[in-house]
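Numbering of the sequence shown is given in the working numbering, commencing with residue 5 and proceeding in unit increments. Ideal placement from N, C-alpha and C gives every residue a C-beta, glycine not left out. Please read the structure below before turning to the comments.
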Amino acid sequence: MYARKIYGLGAALVILAVFAMAQQPAPTEGKLIRHVPVKQTNPSSGQEMFASYCAVCHGTNGSGGGPAASALKAAPTNLTILSEKNAGKFAAMHVSSVLRGEADTPAHGSKDMPIWGPLFRNLSQGHDAEVQQRIANLNGYIESIQKK
Numbered sequence: 005m006y007a008r009k010i011y012g013l014g015a016a017l018v019i020l021a022v023f024a025m026a027q028q029p030a031p032t033e034g035k036l037i038r039h040v041p042v043k044q045t046n047p048s049s050g051q052e053m054f055a056s057y058c059a060v061c062h063g064t065n066g067s068g069g070g071p072a073a074s075a076l077k078a079a080p081t082n083l084t085i086l087s088e089k090n091a092g093k094f095a096a097m098h099v100s101s102v103l104r105g106e107a108d109t110p111a112h113g114s115k116d117m118p119i120w121g122p123l124f125r126n127l128s129q130g131h132d133a134e135v136q137q138r139i140a141n142l143n144g145y146i147e148s149i150q151k152k
């Protein structure tokens, strides 16, 4: 009878361990996103900034299929359909606030996606006019890739 209790307790512990392991998130199977320093780009070229800062996740065409996309916890937003999802109007103010880190966007600033405002401020050595130029030109480029 004592052995039966021990076996029962052992079986219960094994079952609990299996359930606990099932609750653990799956590993990313060797996929890792390396955080690298932000390289200097021309603040007047939204396309150059997009290629340097955004394309790795959002893809070169903005549709969300960049080389790092599969390593992220959440799929990158398809930036080409922002207008479509907003009754055909590009929400320039919202996109700018996301870039500055002011908007409440779950994936933006989630550690997977950086908040660009402070990074642009560092690149611009604190010159607010250049930060605003970067945000405006990147915003303009994102608007230019909207599906018609």
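Integer Cβ distance of residue i from residue j, believed to fall under 8 Å
i: Gly66; j: Ile146; result: 7 Å
i: Pro47; j: Gln137; result: 5 Å
i: Gly105; j: Gly130; result: About 16 Å separates the two Cβ atoms, so there is no contact after all.
i: Cys61; j: Ala78; result: Not confirmed; about 10 Å, so no contact.
i: Gly70; j: Ala59; result: 6 Å
Cα-Cα separation, residue i to residue j
i: Pro41; j: Lys93; result: 34 Å
i: Leu103; j: Ile139; result: 7 Å
i: Ala91; j: Leu83; result: 15 Å
i: Leu86; j: Met53; result: 19 Å
i: Pro80; j: Ser74; result: 9 Å
i: Ala133; j: Ala96; result: 18 Å
i: Val135; j: Gly144; result: 14 Å
i: Gly68; j: Leu76; result: 11 Å
i: Leu127; j: Lys152; result: 33 Å
i: Leu123; j: Ser148; result: 23 Å
i: Ala55; j: Ala107; result: 23 Å
i: Tyr57; j: Ser100; result: 15 Å
Of the residues the options, the one placed nearest residue i, counting alpha carbons only
i: Lys43; options: Asp132, Glu88 and Arg125; result: Arg125
i: His98; options: Ser49, Ala55, Gly70 and Leu142; result: Leu142
Buried versus exposed, by CB contacts within 10 Å (16 or more), residue i
i: Ala16; result: In this prediction, Ala16 has a pLDDT of 44, which is less than 50 and means its spatial position is unreliable; what the coordinates show is noted afterwards. That one is exposed.
i: Thr45; result: buried
i: Leu64; result: What sits at residue 64 in the sequence shown is Thr, not Leu. Classification for Thr64: exposed.
beta-carbon residue i near the ligand ADP non-hydrogen atom, thresh 8 Å
i: Ser48; result: Ligands in the displayed structure: none, and consequently the ligand ADP is not present.
Enumerated in chain order, which unbroken segments of the alpha helix (DSSP H) with a length of 4 residues or greater are wholly contained in the segment 83 to 133? 96 to 104 and 120 to 127
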